[in-house]
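Numbers 5 to 187, taken from my numbering, label the letters of the sequence shown in order. We put the CB at the ideal spot given by N, CA and C, even for glycine.
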Amino acid sequence: MTPLPGGQGDPRTRELLAVAPRDPGGGIPNIFTTLVRHPDLYERFMPFGGQLLVSGRLPGDVRELLILRTAWNTGSRYEWGRHLPLARAEGVTDADIDRIGEGPEAPGWAGLQRHLIRAADELNRDATMSDATWAGLAEHFDEAELIELVVLVGQYHMVAFFLNATGVELEPGFDGTGFTEGP
């Protein structure tokens, strides 16, 4: 499925895209110009996604580490490429990025990071978390943050389904450095 070319669409679609988030160069990301082909869904998706990405309770490095592991688990090159710069801006190191594909047992993870990677893996694989993973996360997060963590992984899992199924392509200037297909 191709993104809606700039300036096209009915008046409502053009209105929705007029206030869409922009890349530094002023372009609208392909995820939005593709999703807007279903304006009702787009209109409801944006506030929910924005809450998790911009206004959530989780620290930015935690959020981005979970998103990158979810992208890796789901084989979403687009999600990976779009979130690499965000992760780096939030303090996720290149060493952390390099070991995301190795999983929770990779040497070098701090205790919390290991729990986060394991949580993303368990949610992806089992649609739940083990008691041990939950307990490890509960040492660092309150109830609201734990809820947000689960919803965040679920949201980006769903987004990866959309991106992968519709073939949304990564924009020029973003790359999939370090990305390999997930497990």
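Legend entry - Inter-residue Cα distance where the pair is residue 96 and residue 65: As a working note, residue 96 is residue 92 in the sequence shown. As a working note, residue 65 is residue 61 in the sequence shown. Rounded to the nearest angstrom, the two C-alpha atoms are 6 Å apart.
Inset, instruction - For residue 16, count neighbouring C-beta atoms within 10 Å of its own C-beta (all shown protein chains included) and say buried if the count is 16 or more, exposed if not. - result: Mapped onto the sequence shown, residue 16 falls at position 12. By the 10 Å Cβ count, residue 16 comes out exposed.
Legend entry - Member of 11, 110, 50, 44 whose CA lies at the smallest distance from the CA of residue 24: Within the sequence shown, numbered from 1, the residue matching residue 24 stands at position 20. The shortest C-alpha separation from residue 24 is found at 50.
Legend entry - Sub-8 Å separation of residue 84 and residue 69 beta-carbons: Counting from one through the sequence shown, the residue named residue 84 turns up at place 80. Counting from one through the sequence shown, the residue named residue 69 turns up at place 65. Cβ distance not < 8 Å, so residue 84 and residue 69 don't count as in contact.
Inset, instruction - Going by CA-CA distance only, name the one from 45, 181, 11, 117 that's closest to residue 143. - result: If you number the sequence shown from 1, residue 143 lands on position 139. The shortest C-alpha separation from residue 143 is found at 117.
Legend entry - First and last residue of the uninterrupted alpha helix (DSSP H) at residue 119: Stepping through the sequence shown from its first residue, residue 119 is reached at position 115. 115 to 130 is the extent of the alpha helix (DSSP H) around residue 119.
Inset, instruction - With a threshold of 16 other CB atoms inside 10 Å of the CB of residue 133, please say whether the residue is buried or exposed. - result: The sequence position of residue 133 within the sequence shown is 129, counting from 1. With 16 or more Cβ atoms within 10 Å of its Cβ, residue 133 is classed as buried.
Legend entry - Test item: CB-CB of residue 26 and residue 35 under 8 Å: Counting from one through the sequence shown, the residue named residue 26 turns up at place 22. Counting from one through the sequence shown, the residue named residue 35 turns up at place 31. It is not a contact, given that the beta carbons lie outside the stated cut-off.
Legend entry - residue 153 vs residue 141 beta-carbon contact at 8 Å: By one-based count along the sequence shown, residue 153 stands at place 149. By one-based count along the sequence shown, residue 141 stands at place 137. Closer than 8 Å, so yes.
Legend entry - Cα-Cα separation, residue 119 to residue 110: Position 115 of the sequence shown holds residue 119. Position 106 of the sequence shown holds residue 110. If you take the alpha carbons of residue 119 and residue 110, they lie about 12 Å apart.
Inset, instruction - Could you pull out every residue in the same chain whose Cβ sits closer than 6 Å to the Cβ of residue 89, ignoring the five residues on either side in sequence? - result: As a first step, residue 89 is located in the sequence shown; it is residue number 85 there, counting from the start. The answer is none, since no qualifying residue turns up.
Legend entry - Local conformation of residue 66 per DSSP, three classes: As a position in the sequence shown, residue 66 is number 62, starting the count at 1. DSSP places residue 66 in helix when its eight states are reduced to three.
Inset, instruction - Return the Cβ separation of residue 168 and residue 53 in integer angstroms, given the expectation that the two are a contact with Cβ distance under 8 Å. - result: Counting from 1 along the sequence shown, the entry for residue 168 is found at position 164. Counting from 1 along the sequence shown, the entry for residue 53 is found at position 49. That belief does not hold up - the Cβ atoms of residue 168 and residue 53 are roughly 17 Å apart, past 8 Å.
Legend entry - Bounding residues of the alpha helix (DSSP H) (the contiguous stretch that carries residue 151): For the purposes of this step, residue 151 is taken as residue 147 along the sequence shown, with counting starting at 1. Looking at the DSSP string, the run of the alpha helix (DSSP H) that includes residue 151 is 147 to 170.
Legend entry - For residue 103 and residue 147, the rounded distance between their alpha carbons: Working through the sequence shown from its first residue, we reach residue 147 at position 143. Working through the sequence shown from its first residue, we reach residue 103 at position 99. The alpha-carbon atoms of residue 147 and residue 103 are separated by roughly 28 Å.
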